[in-house]
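Before any comments, here is the structure.
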Amino acid sequence: MDLRELERFIILAREHTCLGRSRRLPPERPGAVEIVYREGSLSYRDSYFGQNRLIGQEVVRRAGTVVWGMNYLILIHDLPLAGEELAAFLQRAQLARYRERRLLGPHLFQERNLRYEDRNQGDLAFFQGETQVFYQQEELFRMHYCGGLVR
């Protein structure tokens, strides 16, 4: 699959899931929260377990066959602000990157006392990275992720 087309689809799927415009379906794995987006023969599923310590996986299928995936582990520390405020900030930071029409590469986003930093290596075929959110200088959120093409 062409990496540019794959990136375009993942950005579109994440925009829809980030903004709550996609469907939650009965999970393929009991106990998971799963969000799905479809376009033609492509489907995207984000599936995760947990609340303050999450483990999850994103999968893209083409005509039912898995072609790409990403695994992630998230730690959310005790918050000096409301959880909804952190979630809204994460959404704005991610959407700022998606407006640039890219998934990978360094990304920094700041608003008031909140700072979002993402560092990664590789391309959509094989990558790893880390995202952190800080309130002033205190870490609130950390995500480790890795993924790539599946053959």
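Going by my numbering, the sequence shown opens with residue -12, and the numbers climb by one from there.
Cβ atoms here follow ideal geometry from the backbone N, Cα and C, with glycine treated the same way.
What is the C-beta distance between A139 and Y35, in whole angstroms, given that I count them as a contact (C-beta under 8 Å)?
Given a span of -12 to 138 for the chain in the structure shown, any question on residue 139 remains unanswerable.
Give me the Cβ distance between L(-10) and L111, rounded to the nearest whole Å; I'm assuming they're in contact under 8 Å.
Residue -10 sits at position 3 when you count from the first residue of the sequence shown. Residue 111 sits at position 124 when you count from the first residue of the sequence shown. Between L111 and L(-10) the Cβ distance is about 5 Å, and since that is below 8 Å, they are a contact.
Rounded C-beta distance between R102 and F128? I'm assuming under 8 Å.
As a first step, residue 102 is located in the sequence shown; it is residue number 115 there, counting from the start. As a first step, residue 128 is located in the sequence shown; it is residue number 141 there, counting from the start. Wrong, their Cβ atoms sit about 11 Å apart, outside the cutoff.
Got a sec? Which residues, its chain only, sit under 6 Å from I63 by beta carbon, not counting five neighbours each side?
Residue numbering aside, residue 63 sits at position 76 when the sequence shown is read from its first letter. Excluding positions up to five away in sequence, the list reads N39 and F128.
L127, DSSP secondary structure in three states
What you label residue 127 is simply residue 140 of the sequence shown in a count that begins at 1. Note: L127 maps to strand in three-state DSSP.
Judging by CA-CA distance, which residue of G27, L90, P14 and I(-2) is the nearest neighbour of R49?
On the sequence shown, residue 49 is found 62 positions in, with the first residue counted as 1. The shortest C-alpha separation from R49 is found at G27.
Just to confirm the assignment: which complete beta strand (DSSP E) runs, minimum length 3, are found wholly within the segment 21 to 102?
29 to 36, 40 to 49, 52 to 63 and 94 to 98
Reduced DSSP secondary structure (H/G/I, E/B, other) of L12
The residue given as residue 12 occupies position 25 in the sequence shown. Reduced to three states, the DSSP call for L12 is coil.
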